[in-house]
Amino acid sequence: MALGLAALLTGCASDAPTSRGEVKGQDFSANELLQSEGNRTAKNAMLANQRSLLLLADKLYRRNPAEWRKSAATREAALAEVEKAMAADTPWPPLAGKRDVAALTLALSPDFAGDRVAAFIVACNDTIVTAHGGRRDFYYLDSIDPQHIYNAARNMETALWILNSRRDARGAPLLLSNEITADSRNLSFEREFGKIIGRLDLLASTMTERYRRAAISYVQGLALGPVLAFLPVR
(Lines of atoms letter the chains of each structure in order from A and count residues from 1; the text may use other names and numbers.)
(Lines give C-alpha, C1' and ligand atoms only; values in the text may rest on other atoms or scores of the structure.)
Protein backbone atom coordinates (compact mmCIF):
# COMPACT_ATOMS: atom_id res chain seq x y z
CA MET A 1 0.00 0.00 0.00
CA ALA A 2 2.82 2.40 0.89
CA LEU A 3 4.51 1.76 -2.46
CA GLY A 4 1.23 2.32 -4.26
CA LEU A 5 0.70 5.64 -2.50
CA ALA A 6 4.25 6.72 -3.29
CA ALA A 7 3.75 5.88 -6.96
CA LEU A 8 0.47 7.80 -7.02
CA LEU A 9 2.05 10.87 -5.46
CA THR A 10 4.96 10.69 -7.88
CA GLY A 11 2.52 10.57 -10.75
CA CYS A 12 1.14 13.96 -9.70
CA ALA A 13 4.41 15.71 -10.59
CA SER A 14 4.00 18.92 -12.58
CA ASP A 15 6.11 20.51 -15.29
CA ALA A 16 4.93 24.04 -14.39
CA PRO A 17 7.63 26.67 -13.73
CA THR A 18 8.84 26.98 -10.11
CA SER A 19 11.02 30.08 -10.41
CA ARG A 20 8.75 32.02 -8.00
CA GLY A 21 8.20 29.22 -5.51
CA GLU A 22 6.99 25.65 -5.38
CA VAL A 23 3.82 24.24 -3.86
CA LYS A 24 4.59 21.45 -1.41
CA GLY A 25 2.42 18.94 0.39
CA GLN A 26 2.95 17.38 3.79
CA ASP A 27 4.77 14.10 4.25
CA PHE A 28 2.45 11.10 4.42
CA SER A 29 1.40 9.89 7.88
CA ALA A 30 -0.68 6.89 8.95
CA ASN A 31 -3.32 9.23 10.44
CA GLU A 32 -4.32 10.24 6.92
CA LEU A 33 -5.88 6.82 6.42
CA LEU A 34 -8.56 7.96 8.90
CA GLN A 35 -9.14 11.29 7.17
CA SER A 36 -11.32 12.32 4.27
CA GLU A 37 -10.42 14.89 1.64
CA GLY A 38 -12.53 17.40 3.54
CA ASN A 39 -10.62 16.62 6.75
CA ARG A 40 -7.32 17.26 4.99
CA THR A 41 -8.61 20.48 3.47
CA ALA A 42 -9.60 21.78 6.91
CA LYS A 43 -6.27 20.72 8.42
CA ASN A 44 -4.17 22.31 5.69
CA ALA A 45 -6.19 25.53 5.80
CA MET A 46 -5.68 25.76 9.57
CA LEU A 47 -1.93 25.20 9.24
CA ALA A 48 -1.73 27.86 6.54
CA ASN A 49 -3.67 30.31 8.72
CA GLN A 50 -1.35 29.65 11.65
CA ARG A 51 1.67 30.32 9.43
CA SER A 52 0.04 33.58 8.34
CA LEU A 53 -0.59 34.58 11.95
CA LEU A 54 3.06 33.92 12.89
CA LEU A 55 4.17 35.97 9.89
CA LEU A 56 1.87 38.78 11.04
CA ALA A 57 3.31 38.53 14.56
CA ASP A 58 6.82 38.94 13.14
CA LYS A 59 5.75 41.93 11.04
CA LEU A 60 3.97 43.56 13.98
CA TYR A 61 6.95 43.02 16.28
CA ARG A 62 9.24 44.65 13.73
CA ARG A 63 7.02 47.73 13.57
CA ASN A 64 6.27 47.72 17.31
CA PRO A 65 9.47 46.59 19.09
CA ALA A 66 8.24 47.95 22.42
CA GLU A 67 5.71 45.10 22.51
CA TRP A 68 8.14 42.17 22.39
CA ARG A 69 10.28 43.91 25.00
CA LYS A 70 7.38 43.58 27.44
CA SER A 71 7.62 39.78 27.44
CA ALA A 72 10.99 38.61 26.09
CA ALA A 73 14.66 39.48 25.72
CA THR A 74 14.59 39.26 21.92
CA ARG A 75 12.05 39.40 19.11
CA GLU A 76 12.85 35.79 18.21
CA ALA A 77 12.18 34.67 21.77
CA ALA A 78 8.86 36.52 21.79
CA LEU A 79 7.86 34.84 18.51
CA ALA A 80 8.73 31.43 19.96
CA GLU A 81 6.46 32.14 22.94
CA VAL A 82 3.64 33.19 20.60
CA GLU A 83 3.99 29.95 18.63
CA LYS A 84 4.00 27.95 21.87
CA ALA A 85 0.86 29.73 23.11
CA MET A 86 -0.90 29.08 19.77
CA ALA A 87 -0.23 25.34 20.10
CA ALA A 88 -1.54 25.14 23.69
CA ASP A 89 -5.04 23.97 24.53
CA THR A 90 -5.24 26.13 27.64
CA PRO A 91 -5.98 29.88 27.82
CA TRP A 92 -2.98 32.18 27.54
CA PRO A 93 -2.38 33.63 31.07
CA PRO A 94 -1.93 37.30 30.01
CA LEU A 95 -5.45 37.19 28.52
CA ALA A 96 -6.91 36.52 31.97
CA GLY A 97 -8.42 33.18 31.03
CA LYS A 98 -10.47 34.63 28.19
CA ARG A 99 -10.94 32.70 24.95
CA ASP A 100 -11.74 33.42 21.27
CA VAL A 101 -13.76 36.65 20.76
CA ALA A 102 -13.60 37.61 24.45
CA ALA A 103 -9.80 37.35 24.22
CA LEU A 104 -9.85 39.43 21.03
CA THR A 105 -11.89 42.11 22.78
CA LEU A 106 -9.35 42.28 25.61
CA ALA A 107 -6.34 42.27 23.25
CA LEU A 108 -7.82 45.22 21.34
CA SER A 109 -8.80 47.16 24.45
CA PRO A 110 -6.93 50.49 24.82
CA ASP A 111 -6.38 49.59 28.48
CA PHE A 112 -4.52 46.33 27.80
CA ALA A 113 -0.99 46.81 29.14
CA GLY A 114 0.69 43.55 28.18
CA ASP A 115 2.34 42.42 24.96
CA ARG A 116 -0.45 43.44 22.58
CA VAL A 117 1.07 41.75 19.54
CA ALA A 118 1.16 38.37 21.29
CA ALA A 119 -2.31 38.89 22.76
CA PHE A 120 -3.79 39.83 19.39
CA ILE A 121 -2.23 36.94 17.46
CA VAL A 122 -3.00 34.33 20.14
CA ALA A 123 -6.61 35.55 20.35
CA CYS A 124 -7.02 35.42 16.55
CA ASN A 125 -5.69 31.86 16.52
CA ASP A 126 -7.96 30.79 19.39
CA THR A 127 -10.97 32.27 17.57
CA ILE A 128 -10.15 30.23 14.47
CA VAL A 129 -9.55 27.00 16.43
CA THR A 130 -12.79 27.48 18.37
CA ALA A 131 -14.69 27.92 15.09
CA HIS A 132 -13.36 24.49 14.07
CA GLY A 133 -14.96 22.92 17.14
CA GLY A 134 -11.82 23.36 19.22
CA ARG A 135 -9.97 20.78 17.12
CA ARG A 136 -6.71 21.01 15.20
CA ASP A 137 -6.94 17.55 13.60
CA PHE A 138 -10.00 16.17 11.83
CA TYR A 139 -11.15 12.62 11.11
CA TYR A 140 -14.03 10.87 9.35
CA LEU A 141 -16.54 11.18 12.19
CA ASP A 142 -15.72 14.84 12.89
CA SER A 143 -17.94 17.58 11.52
CA ILE A 144 -17.33 21.30 11.09
CA ASP A 145 -20.11 23.87 11.27
CA PRO A 146 -19.67 26.02 8.14
CA GLN A 147 -21.47 28.95 9.79
CA HIS A 148 -18.93 29.01 12.61
CA ILE A 149 -16.11 29.15 10.05
CA TYR A 150 -17.92 31.92 8.16
CA ASN A 151 -18.39 33.84 11.42
CA ALA A 152 -14.68 33.47 12.19
CA ALA A 153 -13.88 35.08 8.83
CA ARG A 154 -16.13 38.03 9.69
CA ASN A 155 -14.45 38.27 13.12
CA MET A 156 -11.06 38.50 11.41
CA GLU A 157 -12.40 41.35 9.27
CA THR A 158 -13.66 43.12 12.40
CA ALA A 159 -10.37 42.56 14.24
CA LEU A 160 -8.41 44.02 11.32
CA TRP A 161 -10.69 47.05 11.12
CA ILE A 162 -10.33 47.70 14.87
CA LEU A 163 -6.54 47.28 14.64
CA ASN A 164 -6.40 49.88 11.86
CA SER A 165 -8.79 52.39 13.40
CA ARG A 166 -8.75 52.23 17.21
CA ARG A 167 -6.51 54.62 19.17
CA ASP A 168 -5.13 54.58 22.69
CA ALA A 169 -5.58 57.33 25.29
CA ARG A 170 -2.81 59.39 23.65
CA GLY A 171 -4.42 59.17 20.23
CA ALA A 172 -1.82 56.77 18.83
CA PRO A 173 -2.70 53.53 16.98
CA LEU A 174 -2.90 50.47 19.20
CA LEU A 175 -0.30 48.89 16.92
CA LEU A 176 1.50 50.19 13.86
CA SER A 177 0.59 47.97 10.90
CA ASN A 178 -0.30 49.15 7.39
CA GLU A 179 1.38 52.34 6.23
CA ILE A 180 0.47 54.69 3.39
CA THR A 181 2.55 57.84 3.06
CA ALA A 182 3.77 60.06 0.25
CA ASP A 183 7.02 58.09 0.16
CA SER A 184 5.95 54.51 0.91
CA ARG A 185 3.03 52.12 0.75
CA ASN A 186 3.01 49.02 2.98
CA LEU A 187 -0.19 46.97 2.86
CA SER A 188 1.40 43.61 3.66
CA PHE A 189 -0.64 43.27 6.85
CA GLU A 190 -3.86 43.76 4.91
CA ARG A 191 -2.82 41.19 2.30
CA GLU A 192 -1.87 38.54 4.87
CA PHE A 193 -5.11 39.03 6.77
CA GLY A 194 -6.91 38.81 3.43
CA LYS A 195 -5.37 35.37 2.90
CA ILE A 196 -6.68 34.19 6.28
CA ILE A 197 -10.16 35.54 5.60
CA GLY A 198 -10.17 34.03 2.10
CA ARG A 199 -9.17 30.58 3.39
CA LEU A 200 -11.89 30.66 6.03
CA ASP A 201 -14.53 31.72 3.51
CA LEU A 202 -13.44 29.04 1.05
CA LEU A 203 -13.52 26.36 3.76
CA ALA A 204 -17.00 27.46 4.86
CA SER A 205 -18.22 27.30 1.27
CA THR A 206 -16.55 23.92 0.68
CA MET A 207 -18.07 22.41 3.83
CA THR A 208 -21.52 23.77 2.96
CA GLU A 209 -21.31 22.27 -0.54
CA ARG A 210 -20.06 18.98 0.88
CA TYR A 211 -23.04 18.60 3.19
CA ARG A 212 -25.45 19.80 0.51
CA ARG A 213 -24.16 17.28 -2.02
CA ALA A 214 -24.32 14.48 0.58
CA ALA A 215 -28.04 15.22 1.07
CA ILE A 216 -28.64 15.40 -2.69
CA SER A 217 -26.77 12.14 -3.28
CA TYR A 218 -28.90 10.43 -0.65
CA VAL A 219 -32.11 11.60 -2.32
CA GLN A 220 -30.78 10.59 -5.72
CA GLY A 221 -30.01 7.16 -4.37
CA LEU A 222 -33.59 6.75 -3.13
CA ALA A 223 -35.12 8.06 -6.34
CA LEU A 224 -32.87 6.30 -8.83
CA GLY A 225 -32.37 3.06 -6.95
CA PRO A 226 -35.29 1.23 -8.64
CA VAL A 227 -34.38 2.64 -12.07
CA LEU A 228 -30.73 1.64 -11.86
CA ALA A 229 -31.40 -1.85 -10.46
CA PHE A 230 -30.18 -4.70 -12.62
CA LEU A 231 -32.87 -6.84 -14.27
CA PRO A 232 -32.73 -10.63 -14.42
CA VAL A 233 -31.52 -11.99 -17.76
CA ARG A 234 -32.60 -15.59 -17.32
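In the numbering used here, the protein residues as written are 16 to 249.
Glycine included, every Cβ here is placed at the ideal spot set by N, Cα and C.
C-alpha distance - residue i paired with residue j, whole-angstrom precision
{"i": "R169", "j": "I212", "result": "8 Å"}
{"i": "N166", "j": "E98", "result": "24 Å"}
{"i": "E172", "j": "G112", "result": "24 Å"}
{"i": "R35", "j": "A95", "result": "28 Å"}
{"i": "D30", "j": "E37", "result": "11 Å"}
{"i": "T89", "j": "V116", "result": "28 Å"}
{"i": "Q235", "j": "E224", "result": "Note that Q235 has pLDDT 49, beneath the 50 cutoff, so the model's placement of it is unreliable and the number below is only indicative. Approximately 16 Å, taken between the alpha carbons."}
{"i": "L121", "j": "N54", "result": "32 Å"}
{"i": "N140", "j": "G186", "result": "28 Å"}
{"i": "A102", "j": "T33", "result": "32 Å"}
Pair within 8 Å by beta-carbon distance, residue i and residue j
{"i": "D130", "j": "P106", "result": "no"}
{"i": "F135", "j": "K58", "result": "no"}
{"i": "L71", "j": "E207", "result": "yes"}
{"i": "T142", "j": "L119", "result": "yes"}
Cβ neighbour criterion (16 or more within 10 Å) applied to residue i
{"i": "A60", "result": "buried"}
{"i": "W83", "result": "buried"}
{"i": "R214", "result": "buried"}
{"i": "S192", "result": "buried"}
The alpha helix (DSSP H) enclosing residue i, as first and last residue numbers
{"i": "H163", "result": "161-180"}
{"i": "L71", "result": "52-78"}
{"i": "K99", "result": "90-102"}
{"i": "F135", "result": "131-146"}
Paired residues, beta bridge with residue i - DSSP
{"i": "P32", "result": "Per DSSP, none; premise fails for P32."}
{"i": "P188", "result": "R182"}
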